[in-house]
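Colleague:
2 protein chains.
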Amino acid sequence: MQAIKDIITACDLAIKNEDFDGLMAHYTDDAVLVVKADMMAHGKDQIKAAFIKIAAYFRNSLTPTQGEMVFLEAGDTVLVLSQTFLASAKDEQAYSMDRRATYVFKRGAQEQWLCAIDNSYGTDLIGMSA
Amino acid sequence: MQAIKDIITACDLAIKNEDFDGLMAHYTDDAVLVVKADMMAHGKDQIKAAFIKIAAYFRNSLTPTQGEMVFLEAGDTVLVLSQTFLASAKDEQAYSMDRRATYVFKRGAQEQWLCAIDNSYGTDLIGMSA
Numbered sequence: 003m004q005a006i007k008d009i010i011t012a013c014d015l016a017i018k019n020e021d022f023d024g025l026m027a028h029y030t031d032d033a034v035l036v037v038k039a040d041m042m043a044h045g046k047d048q049i050k051a052a053f054i055k056i057a058a059y060f061r062n063s064l065t066p067t068q069g070e071m072v073f074l075e076a077g078d079t080v081l082v083l084s085q086t087f088l089a090s091a092k093d094e095q096a097y098s099m100d101r102r103a104t105y106v107f108k109r110g111a112q113e114q115w116l117c118a119i120d121n122s123y124g125t126d127l128i129g130m131s132a
Numbered sequence: 003m004q005a006i007k008d009i010i011t012a013c014d015l016a017i018k019n020e021d022f023d024g025l026m027a028h029y030t031d032d033a034v035l036v037v038k039a040d041m042m043a044h045g046k047d048q049i050k051a052a053f054i055k056i057a058a059y060f061r062n063s064l065t066p067t068q069g070e071m072v073f074l075e076a077g078d079t080v081l082v083l084s085q086t087f088l089a090s091a092k093d094e095q096a097y098s099m100d101r102r103a104t105y106v107f108k109r110g111a112q113e114q115w116l117c118a119i120d121n122s123y124g125t126d127l128i129g130m131s132a
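Residue numbers (the working numbering), protein chains in the order written: chain A, 3 to 132; chain B, 3 to 132.
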């Protein structure tokens, strides 16, 4: 699934560069982003606003990268399991997180792959709700 | 997402009762089942054959149930994160496993929800490949 891998790399770069319009081109119109447990952003407007807030929270120094990835394909739908690293220089301290994320991609009308579900918390979300 | 919860309960019962034709009614034609790391079953014929082998392996005593579930909805696609318990009386010993599974459901042509990706290993699949 090199095509999806390339899109995720492009998204990581767009987040690092705060190119949120470029980032939104890779999401479906009805996509969902898990901001944190019990806080979901639905649709491109909410997702873009959430990424702007996240960037501000990390003092505009957030750099996501991916480690090992697993792709589970079912026709026009793909589940990506990915080791995600989040690095930041927030508060002048090196800061890093290691997550096991789940992303669902769907093939769009122009055959391009689009992210429909963006959940960087993976299955850790189970039990995190209030 | 009570509708999907009910389907997963029906699937667990069908596995317990070894009603594999009934079980297959809940999968898409191009569904993928993760049998184990590096072993995928694609499509209903392969998935049904895999469930028959799994049932035999567990001496026809496999009973899956679900604990806490999280549903992430994006239009006609839903990612389910689920605490899955597998109990078995294989070899006359009580046997149990606790997994954090990921399932992707899609809305079918008759508005019914169908399982497209069935991965009981969740993000544990990362790093399990050879």
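Just so it is clear, CB atoms sit at the ideal spot from N, CA and C, and this is done for glycine as well. This structure is a prediction, so every number in the text was calculated from the model and none was measured.
Go to T30(A), then tell me how far its beta strand (DSSP E) extends in each direction, as first and last residue.
Modeller: Taking the first sequence and counting its residues from 1, the one referred to as residue 30(A) is at position 28. It spans 29-38 - the beta strand (DSSP E) in which T30(A) sits, taken as one unbroken run.
Colleague: Checking the sheet assignment: what are the DSSP bridge partners for Y97(A)?
Modeller: Position 95 of the first sequence, counting from 1, holds the residue named residue 97(A). Looking at the DSSP assignment, Y97(A) forms a beta bridge with S90(A).
Colleague: Mind listing which residues of the stretch 97-109 of chain B have their C-beta closer than 7 angstroms to chain A's C-betas, in chain order?
Modeller: Against chain A - using a Cβ distance shorter than 7 angstroms - the residues of the stretch 97-109 of chain B are R102, T104, V106, K108.
Colleague: Hey, L83(A) and V72(A): beta-carbon distance below 8 angstroms or not?
Modeller: Taking the first residue of the first sequence as 1, we reach residue 83(A) at position 81. Taking the first residue of the first sequence as 1, we reach residue 72(A) at position 70. Going by C-beta atoms, L83(A) is nearer than 8 angstroms to V72(A).
Colleague: Kindly indicate which three-state DSSP category M3(B) falls into: helix, strand or coil?
Modeller: Residue mapping note: residue 3(B) aligns to position 1 of the second sequence, counting from 1. Correct three-state label for M3(B): coil.
Colleague: Since N121(A) contacts V36(A) with CB under 8 angstroms, what's their CB separation in whole angstroms?
Modeller: Taking the first sequence and counting its residues from 1, one reaches residue 121(A) at position 119. Taking the first sequence and counting its residues from 1, one reaches residue 36(A) at position 34. Contact holds; Cβ gap of about 4 angstroms.
Colleague: Under 7 angstroms from any heavy atom of the ligand MG, does the C-beta of F60(B) make it?
Modeller: Looking at this structure, you won't find the ligand MG or any other ligand, since it has none at all.
Colleague: Does the contact criterion of 3 or more C-beta pairs under 8 angstroms hold for the stretch 6-18 of chain A versus the stretch 58-77 of chain A?
Modeller: As far as the Cβ criterion goes, the stretch 6-18 of chain A touches the stretch 58-77 of chain A, which means the pair count is three or higher.
Colleague: So, for Y59(A): in the same chain, excluding its five sequence neighbours on each side, which residues have a beta-carbon less than 8 angstroms away from its beta-carbon?
Modeller: Stepping through the first sequence from its first residue, residue 59(A) is reached at position 57. Contacts found: K92.
Colleague: How many whole angstroms separate the CB atoms of A39(A) and L127(A), which I take to be in contact at a CB cut-off of 8 angstroms?
Modeller: Locating residue 39(A) in the first sequence gives position 37, where the first residue counts as 1. Locating residue 127(A) in the first sequence gives position 125, where the first residue counts as 1. Indeed they touch by this definition, with Cβ atoms about 6 angstroms apart.
Colleague: Can you tell me the Cα-Cα spacing of M3(B) and R109(A), whole angstroms?
Modeller: For the purposes of this step, residue 3(B) is taken as residue 1 along the second sequence, with counting starting at 1. For the purposes of this step, residue 109(A) is taken as residue 107 along the first sequence, with counting starting at 1. Between M3(B) and R109(A), the C-alpha separation is close to 24 angstroms.
Colleague: 8 angstroms is my cut-off, CB to CB: does I128(A) come that close to chain B?
Modeller: Here the question's residue 128(A) lines up with position 126 in the first sequence. It does; some Cβ of chain B falls within 8 angstroms.
Colleague: Which residue from E70(B), C117(B), M26(B) puts its Cα closest to that of A52(B)?
Modeller: Along the second sequence, read from residue 1 onward, the residue named residue 52(B) stands at position 50. Closest option to A52(B), Cα to Cα, is M26(B).
Colleague: Just to confirm the assignment, what range does the beta strand (DSSP E) spanning D78(A) have?
Modeller: What you label residue 78(A) is simply residue 76 of the first sequence in a count that begins at 1. Counting along the chain, D78(A) falls outside any beta strand (DSSP E), and DSSP gives it neither H nor E.
Colleague: Whose C-alpha, out of R102(B), L74(B), Q68(B), is nearest the C-alpha of A118(A)?
Modeller: Position 116 of the first sequence holds residue 118(A). Looking at the Cα atoms, L74(B) is the closest of the given residues.
Colleague: When the Cα atoms are used, what is the spatial distance from A76(A) to A103(B)?
Modeller: Within the first sequence, numbered from 1, the residue matching residue 76(A) stands at position 74. Within the second sequence, numbered from 1, the residue matching residue 103(B) stands at position 101. Straight-line Cα distance between these residues: approximately 17 angstroms.
Colleague: Whose CA, out of T79(A), D47(A), R101(A), lies closest to the CA of E2(A)?
Modeller: Because chain A here runs from 3 to 132, residue 2(A) falls outside it and cannot be looked at.
Colleague: Could you tell me whether the Cβ of G77(A) comes closer than 8 angstroms to any Cβ of chain B?
Modeller: For the purposes of this step, residue 77(A) is taken as residue 75 along the first sequence, with counting starting at 1. G77(A) counts as touching chain B.
Colleague: Excluding the 5 residues flanking A5(A) on each side, which residues of the same chain have their C-beta closer than 7 angstroms to its C-beta?
Modeller: If you number the first sequence from 1, residue 5(A) lands on position 3. Closer than 7 angstroms at Cβ, skipping near neighbours: W115.
Colleague: At 9 angstroms on the CB atoms, spell out the chain A contacts of Q4(B), in chain order.
Modeller: In the second sequence, counting from the first residue as 1, residue 4(B) sits at position 2. Under the 9 angstroms cutoff, chain A gives no residues; its nearest Cβ is about 17 angstroms from Q4(B).
Colleague: Which residues mark the beginning and the end of the beta strand (DSSP E) in which L25(B) is found?
Modeller: For the purposes of this step, residue 25(B) is taken as the residue at position 23 of the second sequence. That residue, L25(B), is in no beta strand (DSSP E); its alpha helix (DSSP H) goes 22-26.
Colleague: Once you ignore the five residues that flank T86(B) on each side, which residues in its own chain have a CB closer than 7 angstroms to its CB?
Modeller: Within the second sequence, residue 86(B) is the residue found at index 84, counting from 1. Excluding positions up to five away in sequence, the list reads P66, Q68, R101, A103, S122.
Colleague: Using beta carbons (cut-off 8 angstroms, strictly below), is G24(B) in contact with chain A?
Modeller: For the purposes of this step, residue 24(B) is taken as the residue at position 22 of the second sequence. Chain A, which has no Cβ nearer than 8 angstroms to the Cβ of G24(B), makes this no.
Colleague: Just verifying my parser: in three-state terms, what is the DSSP assignment at G124(A)?
Modeller: If you number the first sequence from 1, residue 124(A) lands on position 122. Here G124(A) sits in helix by DSSP.
Colleague: Can you tell which of V106(B), E70(B), T125(B), F107(B) has the C-alpha that lies nearest to the C-alpha of G129(A)?
Modeller: Residue mapping note: residue 129(A) aligns to position 127 of the first sequence, counting from 1. Of the candidates V106(B), E70(B), T125(B), F107(B), the one whose C-alpha sits nearest the C-alpha of G129(A) is E70(B).
Colleague: Considering only their Cβ atoms, is the gap separating D23(B) from G45(B) smaller than 8 angstroms?
Modeller: Residue numbering aside, residue 45(B) sits at position 43 when the second sequence is read from its first letter. Residue numbering aside, residue 23(B) sits at position 21 when the second sequence is read from its first letter. Their beta carbons are not under 8 angstroms apart, which means G45(B) does not touch D23(B) by this criterion.
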